[in-house]
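Protein chains in written order, with my numbering: chain A, 936 to 1262; chain B, 3 to 408.
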C-alpha cells in the first residue's frame, strides 16, 4: 500500500474512507487533451456515476483510474494504491466495448475472467456455474458465447466481472445496449452490490440511471469535471421551483411574487425565494389571492446538469441518447 | 447475491502470463487451425531440404576444395610451376604446398579442421600417390597425372600412374556438408518462425476484434498479456515439433536410420538439436515480440495488417543476411548478423553447424533473451500509450497517417 487513504467526503459530512481518489488527472492523445484536470472522490460502499455526453472523457477517466493507461499529470489512488494492478483482485471491470472469446463456453468465460483476477480456475469456473444458475442462465452454461444472444453474452460478461467478489466494481456504460427489462435487472444488481458494501462506479450518458441509483456523481464535459459531489448537492445548485394556482387573477398579493414569476395557463411558476415559503404564503393569504394549490418542486438532475455543464453539453447528452435509441 | 470476501493480492507477472498462455494454448490446440499448422512443415521441410542442397552447392563454390601437395620440396615447386602454366588453359583444382613432414599421415591431414583439403598428393612426380575420397580422386586423378607429367618433363604419351588411397571423408567434404546442414537448419528455423510470428499476430488481431483486450489490460499488466501470448504460441510450436519429430523418427526407424546419411554438425547432433530448439525459441520470441509491438502500435485491425508487411520484409532481410553470413564465418558481416537481434539466432545456428565452440552460444542466448524482454516491455508500453484511446475507432488510414497529413 502506498499510503493510507485520505478521507475526502462526497458530501461534507461523509467520513467514509475512499475507494477511489483522483486529483488533477490529465490525459492527452496526439496533442488533444481528452481529460483535463479531473478530481473525483468515491467513498467505499457508494454508488457513484460519471455523467457526461459521448466523447466527454468518461472512458479515459475510468481507464486511468483502473491503471489501463497512466495519466500524463495528476494522481489516482484505488483503495490507497497508486498502481491499481497491485490490487487487481479487489476490482471488477466491465468495459464499454464488451467482448468475450466466441468459441468459449459461458461458464469457462466466467472462469477465465475470475482466473485473470487471481482465482484458481476450477474455483472460478464452479462459481461461474453458480452465478449463471442464480441469474437464470444455467441452461446456457455450456453453450459457446457465439451461440448466446447479445443480452445473454453481456450478462455472462457482467457475471465474469463479479465472480471474484470484488470490493470495487467499475462499469463503463453498463446500460448501453440493454433492453428495459435487463436495464431494470442491472439496476437491482447494482443496488444489491452496494447493499453488500461493494463500491460501484459507472459511467453513463443517461441521467435517469444516475439519478435513480447514485449517491454521488461527477459531471464531465469536454474533459473537465465542473461538478463532483452528491446528487442532492447537484440538485440544490438550482433553487426549487414553486407552482401556484390562485382563484384571484389580480390583486395586491401580486406584488409579493418574486421577480422571476411567470404565468402559464392556470399556474404561476417561480423560484423558491431565499426567505422561504412562509412570508410568501402570508402575503398571499393577506392579499386574498385564494390559493387553490401550491407545490414546491425540487430541481431534477437533468436541470442540474444543464445548469452546471451548460446547454451544449446537455444537447450532446440528449443527442447521444437519441442516437442509441435509434439503433 | 455477490458475497463480500476478496483476498487482497495481485497475480505475479508469471502467473498472470500463465493464465493467458493456458487459455491461448488450449484454444489454439483445439482449433481447426492447429491441424493446418501441423501440415505446414511438410511443405517447409521440402523447401528447406531443397535450400540445404542449394546451400551445400553454394558452399562448395564459395570454398572450393584444395589439393594439398606434400612432395619433396623441388618436386613440389616443379608441380606448382606446372600448375601455374596449365591452369589458364585447363580448369585445375587450387593447390597448396604442404611440408611433407605434415603429411606423414595424409588421411589425418585431410580430416584436419580449419583446412579445406579435398585430397592430398604425396609420393613423387613419377609415382604420385593421391589420397582422398573416392569422389575426389575420380575427379582429380587425371589432372594430377597431367601436372606430374608436365612437371617431370615427360611427354604427354607417358603419364605416370597415380596410386590412389581412398578415405571415407575429407576436411573439405565435411566443411561442405556442414555448410549444407547450416543452411538447412537456418532455412527451417526461418520458415517455422515466420509461420509462428504470423500466428501470434493473428491471435492479437483476434483479441482486438473480440474486444477482449481491454478486459485483459484492466486485469493484469500488458507485459503479462504479451508474455502469455508469446509463450502459448511457443508451447504450441513445441507440440508441433514433438509431433513432427515423432513422425520423422518413425520414418527413420522404418527406413533404417536416416541419420547415417546426414552430415554431422560441428557441435554434434544431440547438442545441435538442443541449440536448434533454443535458437528457434529465441528467434520466435524476438520476431513474435516485434509483431506484438506492431499489433500494439496499430489501433485497428487494418493497421496491424498494413504494418506487418515491413516486419515480414525485415524477416526476409534477416534471413538473407544470416544465409550470406553463414558462408563467411568470422567476417564482419557474420559478426553483424550475430549481434543484430533478429538475425542472431539464425547466424548462431549456422555457426553451431560449422564451428564446435560452445561459449559463443551462451553469450548469444543471453543477448537474445535480453532483447526479448526489451521488445516485450516496449510493445506493452506502446500498447498502453497508443491503443487504449477511448471513443470510436478511427479508420486505419486516418489513425496511422493522420499525424503526417496534418
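The beta carbon of each residue, even a glycine, is placed where N, CA and C say it ideally should be.
Shown here for residue 18/B: same chain residues with a beta carbon closer than 6 Å to its own, the five before and five after excluded, namely 222 and 226 in chain order.
Remark: C-beta atoms of residue 1228/A and residue 1180/A approach each other more closely than 7 Å. Distances from the CA of residue 1213/A to each of 1192/A, 1197/A, 1051/A and 1007/A were compared; the closest alpha carbon is that of 1192/A. Residue 1078/A and residue 950/A have their alpha carbons spaced roughly 46 Å apart. As the crow flies, the alpha-carbon of residue 265/B is around 19 Å from that of residue 279/B.
For the pair of segments examined, the stretch 1042–1051 of chain A was found not to touch the stretch 228–246 of chain B: the number of CB pairs separated by less than 8 Å stays below three. Proximity of chain A to residue 29/B at the Cβ level (cut-off 9 Å) is accounted for by 1036, 1038 and 1039, in chain order. Rounded to the nearest whole angstrom, the CA to CA distance from residue 110/B to residue 137/B is 18 Å. Assignment of residue 1079/A by DSSP, reduced to helix, strand and coil, places it in the strand class. Counting of Cβ neighbours within 10 angstroms places residue 372/B among the exposed residues, the total staying below 16.
Rounded to whole angstroms, the gap between the alpha carbons of residue 185/B and residue 328/B is 7 Å. Neighbours of residue 213/B in chain A, taken as residues at a C-beta separation under 7 Å, are given in chain order as 1032, 1033 and 1034. Here the stretch 242–261 of chain B makes no contact with the stretch 309–325 of chain B; the two share fewer than three CB pairs at distances below 8 Å.
In the displayed model, residue 155/B falls within coil according to three-state DSSP, outside both helix and strand. For residue 286/B, the three-state secondary structure derived from DSSP is helix.
DSSP places residue 1068/A in the helix class (H, G or I) of the three-state scheme. Between residue 333/B and chain A, the shortest Cβ-Cβ separation is not below 7 Å. Only buried fits residue 1060/A, as 16 or more other CB atoms lie within 10 angstroms of its CB. For residue 139/B, the CB contacts under 7 Å within the same chain, skipping 5 residues up- and downstream, are 121, 132, 166 and 168 in chain order. Secondary structure at residue 1137/A: strand, using DSSP grouped into helix, strand and coil. Inclusion of residue 357/B and residue 268/B in the CB contact set at 7 Å is warranted, their separation being smaller than that value.
Distances from the alpha-carbon of residue 306/B to those of 382/B, 154/B, 71/B and 207/B put 207/B closest. Here residue 1219/A is not near residue 1102/A, since their CB atoms are 7 Å or more apart. Secondary structure at residue 1099/A: coil, using DSSP grouped into helix, strand and coil. When C-alpha distances from residue 66/B are compared across 73/B, 118/B and 31/B, the shortest belongs to 118/B. At a Cβ-Cβ threshold of 7 Å, residue 994/A and residue 973/A do not count as neighbours.
Straight through space, the alpha carbons of residue 199/B and residue 236/B are spaced by roughly 10 Å.
The residue among 1014/A, 1002/A and 966/A with its C-alpha nearest the C-alpha of residue 980/A is 1014/A. Between the beta-carbon of residue 31/B and that of residue 202/B there is about 15 Å, and that puts the pair past the 8 Å contact cut. Think of a sphere of 8 Å around the beta carbon of residue 222/B: the chain A residues whose beta carbon falls inside it are 1020, 1023 and 1051, in chain order. In this chain, the beta strand (DSSP E) harbouring residue 984/A covers 982–986. Restricting attention to 89/B, 189/B, 96/B and 69/B, the CA atom closest to the CA of residue 130/B is found in 69/B. Chain B places a beta carbon closer than 7 Å to that of residue 1028/A, counting this residue as a contact.
Shown here, residue 102/B sits in a helix according to DSSP, grouped into three states.
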